[in-house]
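Trainee: Here you go, one structure.
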């Protein structure tokens with residue numbers, strides 16, 4: 209067998225110049241790569257691929273054709289063959305490709321380089337190959353989707369309501385997610401009262417959880433529109449924040465009896481109350497009379513704009529005469 213192999217070698221290289229003593233005659237390939245651990249990010253922000261840089265070296269004095277093969281349980285791409293000059297090297301890349309949202313796992317990869325031809329002549333008489341092995345890791349990730357009913361709501365002053373926030377873990381591993389009310393202090397200053405401002409919840413992959421946030425609306429003096437916004441993020445990645453919001457219209461708080469009287473005579477609630485306290489019950493009676501007078505005169509102005517009715521006008525004149533006499537008389541509430 210050795211004599212036969214030697215004869216083949218002699219035939220192969222009989223046409224070449226005799227190499228120097230240090231040159232290698234038999235074919236050989238040396239394979240090396242820049243890392244043994246490959247990480248693949250399969251999150252929406254990741255590329256789902258990872259690249260390995262390798263070098264195939266030919267230490268012989270012969271031109272070699274080398275076949276490349278890769279074994280691994282994930283998608284991959286690479287050049288199937290290389291041609292390496294004598295005492296030279298050739299660089300190539302192996303790309304590993306994972307599916308979107310692939311489950312986190314680790315697997316072994318193995319790369320083989322094998323000499324298949326020497327100086328254009330098929331080489332099969334002796335093994336000339338090399339291998340490189342490592343591990344591919346599909347990384348875990350957590351990705352939140354947050355959703356609320358974004359339709360505008362209407363709510364009476366001082367009434368209570370509930371906000372429902374839906375959270376979905378679109379990652380490939382169970383994780384903790386934080387949800388919170390945005391602009392919490394501004395809403396609190398406006399008079400909102402919340403049972404809770406935030407929550408932390410653990411969600412499995414592809415599962416959805418609904419959280420409830422109860423609140424009581426303020427009592428504004430005028431109809432007011434507010435923006436209610438909730439945001440959330442994965443505890444493992446606080447930079448990837450998602451938010452959703454809706455508009456809330458809160459009706460003005462209804463006026464009480466004191467406020468109605470004060471508004472009719474052109475005074476605010478505080479001034480009206482001080483006058484009643486300072487003047488005693490007599491002033492209260494006076495205020496009522498003044499309200500009646502003003503209301504009566506307002507009715508007269510509105511009625512005057514309607515078509516004339518003689519009988520109704522006579523009754524209205526008698527009503528006004530009664531109040532004119534009341535205005536002309538001197539009212540004394542000192543003994544009240």
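Numbering (this note's numbering), first residue to last: 209 to 544. We treat Cβ as the ideally placed atom computed from N, Cα and C, and that holds for glycine.
(1) What does a CB cutoff of less than 8 Å around residue 318 pick up in its chain, not counting 5 residues either side in sequence?
(2) Could you check the C-alpha separation between residue 239 and residue 249 for me, to the nearest Å?
(3) Ordered along the chain, which non-local residues of its own chain (more than five positions away) have a Cβ less than 7 Å from that of residue 399?
(4) In terms of DSSP beta bridges, what is residue 456 paired with?
(5) When the Cα of residue 416 is compared with those of 320, 374, 356 and 236, which residue comes out closest?
(6) Would you be able to state if there are at least three C-beta pairs under 8 Å between the stretch 447-464 and the stretch 340-356?
(7) DSSP state of residue 391, grouped into three classes?
(8) Is residue 547 helix, strand or coil by DSSP?
(9) Drop a sphere of 10 angstroms on the beta-carbon of residue 235, count the other beta-carbons inside from all chains shown, and report buried for 16 or more, exposed for fewer.
(10) Just reading off the beta strand (DSSP E) that residue 296 is part of, what are its end residues?
(11) List the endpoints of the continuous beta strand (DSSP E) containing residue 369.
(12) Take residue 246 as the anchor and find which of 286, 387 and 347 has the nearest alpha-carbon.
(13) Using three-state DSSP, classify residue 421 as helix, strand or coil.
(14) Are residue 454 and residue 357 closer than 8 Å when you measure CB to CB?
(15) According to DSSP, is residue 275 helix, strand or coil?
(16) Taking all protein chains shown into account, decide if residue 251 is buried (16 or more other Cβ within 10 angstroms of its Cβ) or exposed.
(17) Less than 8 Å between the beta carbons of residue 322 and residue 263, yes or no?
(18) With 16 other CB atoms within 10 Å as the buried threshold, where does residue 433 fall?
(19) Buried or exposed: residue 410, going by 16 or more other Cβ atoms within 10 Å of its Cβ?
(20) Is it buried or exposed for residue 561, if we count other Cβ within 10 angstroms and need 16 for buried?
(21) What residue range does the beta strand (DSSP E) around residue 257 cover?
(22) Could you check the C-alpha separation between residue 377 and residue 387 for me, to the nearest Å?
(23) Quick one, are the C-beta atoms of residue 304 and residue 371 less than 8 Å apart?
(24) Take the Cβ of residue 401 as the centre, count every other Cβ of all protein chains shown within 10 Å, and call the residue buried at 16 or more, exposed below.
(25) With a CB to CB cut of under 6 Å and the five nearest residues on each side skipped, what residues in its chain are close to residue 275?
(26) Should residue 302 and residue 272 be called a contact, given that it needs their Cβ atoms to be closer than 8 Å?
(27) With which residues is residue 445 paired in a DSSP beta bridge?
Mentor: Let me spell this out:
(1) 278, 279, 280, 339, 340 and 341
(2) 27 Å
(3) 426 and 427
(4) 361 and 434
(5) 374
(6) yes
(7) coil
(8) Residue 547 is absent from the model: the chain starts at 209 and stops at 544.
(9) buried
(10) 296-305
(11) 368-377
(12) 347
(13) strand
(14) yes
(15) strand
(16) buried
(17) no
(18) exposed
(19) exposed
(20) The shown model of the chain, from 209 to 544, leaves out residue 561, and the question about it has no answer.
(21) 257-266
(22) 13 Å
(23) no
(24) exposed
(25) 289, 322 and 324
(26) no
(27) 442
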